[in-house]
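To start, the structure itself, in structure tokens.
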Amino acid sequence: MLKDKYLWLTLGLSIFAVAPLFYPGYFQTHSGFIPLWSGANLKENIFNFAWRPALIPFDPWRSGGLLPYYLAALLPLSPLKALKAVSLIGILAGSSGLYLWLKSWIGAQGASVAALVYTYAPFTIAALYVRGAWSEAFFWGILPWALLSATFLVGLAEVQSSKFKVQNDEERMTKDGGQKTPPDPAEEDGNRQSTISGQRSVVSGQRSVVSGQPIRHSSLVIRRFAAFVIALGFWVALGLSHLSLSVWAYLFMLAMLLGFHRPQALMSLLAGASGLLLATLLALPKASGIATANLGDHLVYP
């Protein structure tokens, strides 16, 4: 990945999106100085687990999440520089994450163009530099990585199912006395389509054969478990950045995986649902106790 010239090209061309972060002073945004005051307040109360943003009521469903504030508070920088650093990480993470997610689908060149379109899309630029929605801007940075981790998990499931199929074919040949039975044309076509789907599903590094040696079953199980934990972590971070938008992201992933990888989608969907549930449980105790509104208003995002 470090030798991927298109990845570095994508990050290099994202310089114009992050350039304002290096300007001196603060931005003139719709949110004013409230995020900056909240970040400074959290730095002084980092061990106050009941902390909420200053001056505004916190609604776990509609408000921006608290994860970017906590990340900024942990950095050894001033509140202003810490918020800018977190925003810089979010923009570059979104650009690189979308490139890596789409590279195996549309190629390196197409993925680079798509990543730049995503980076300079009006909704991502306006979230940070116009509305001052720091948490939402960070959400758009994590989203491609959450989708990448989910499709990576699908790819490992396809590798495992292919490995079991090969083992079953070998056992069948052994029972037939070593005589190879002619393959079914329909089965061959299905295997070919499964192979194409597996190549497009995730990444080029998750194949069942590495340097000509097949992956052992125990190693594959460990890799699937590690991938599940990583996907779970990304979806928790996504939910803690913006919970309501994370639900829409999960619905998008649900439609995508069930449309292309239905048999292997269970673990990915479980990781996403578990991550959002955990994020909800972490965010609910910080609710400000404001009056509930119509659910339709919650889902309509300006």
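Once you know that position 225 of the sequence shown is 1047 in our numbering, the rest is easy, because the numbers rise by one and skip nothing.
Note that beta-carbon positions come from the ideal geometry of N, C-alpha and C, so glycine has one too.
Please look up how many angstroms separate the CB atoms of residue i and residue j, rounded, as I've assumed it's under 8 Å.
i	j	result
L858	L902	6 Å
Y891	L864	5 Å
A1105	P898	With a Cβ gap of about 26 Å, A1105 and P898 do not count as contacting.
Three-state secondary structure (DSSP) at residue i?
i	result
L858	helix
Y848	coil
V952	coil
V1032	In this prediction, V1032 scores a pLDDT of 37, lower than 50, which makes its location untrustworthy; no coordinate-derived value is stated.
L1076	helix
A1071	helix
P944	helix
A1087	coil
G977	helix
R1140	Because the chain is modelled from 823 through 1124, residue 1140 falls outside the range shown and cannot be assessed.
R1045	helix
S1026	In this prediction, S1026 scores a pLDDT of 41, lower than 50, which makes its location untrustworthy; the coordinate-derived value is nonetheless stated afterwards. Reduced to three states, the DSSP call for S1026 is coil.
K825	coil
N863	helix
A839	helix
A907	helix
L922	helix
L833	helix
A915	helix
G929	helix
L1092	helix
G886	coil
A1109	coil
F961	helix
F869	coil
L899	coil
P879	coil
Between residue i and the rest of its own chain, which residues show a CB-CB distance below 7 Å, the 5 nearest in sequence each way excluded?
i	result
L1076	L1091
A1059	L889, I964
V935	none
K906	L843
L831	S934
L1080	A1087
Are residue i and residue j touching if we call contact CB-CB under 8 Å?
i	j	result
G919	L970	yes
G861	S957	no
I774	A839	The structure shown does not extend to residue 774, since the chain is modelled only from 823 through 1124, so no value can be given for it.
L1098	V1069	yes
H1064	F961	yes
A1093	A949	no
L1054	A1101	no
A959	T946	yes
L975	F1050	yes
R884	S1066	yes
Using a Cβ-Cβ cut-off of 6 Å (strictly less than) and excluding sequence neighbours within five positions of residue i, which residues of its own chain qualify?
i	result
K925	A933
S836	S917, T941
A841	none
L930	At residue 930 the sequence reads Ala, which differs from the Leu that was named. Result list for A930: Y828, in chain order.
A904	A894, L897
L877	I856
R1046	L978
For residue i, tell me which candidate among the options has the shortest Cα-Cα distance.
i	options	result
G954	F855, I1044, A1105	F855
N775	I878, S1066, A894, L833	No information on residue 775 is available, as it lies outside the stretch 823 to 1124 that the chain covers here.
G977	W923, F945, A943, L938	W923
V939	S1066, L1106, A1049, L833	L833
Y848	I878, S909, R1046	S909
D826	N870, Y921, L877	Y921
S1096	L1079, Q1086, I1052, M1078	I1052
W927	N870, A872, F1082	F1082
Leaving out the 5 sequence neighbours to the left and right, which residues in its chain are closer than 8 Å to residue i when beta-carbon positions are compared?
i	result
A1071	L965, A968, L969, L1060
V952	T851, H852
F869	none
Can you tell me whether residue i sits near the ligand ADP, meaning its C-beta is under 7 Å from at least one heavy atom of the ligand?
i	result
Y892	The ligand ADP is not part of the structure shown, which contains no ligands of any sort.
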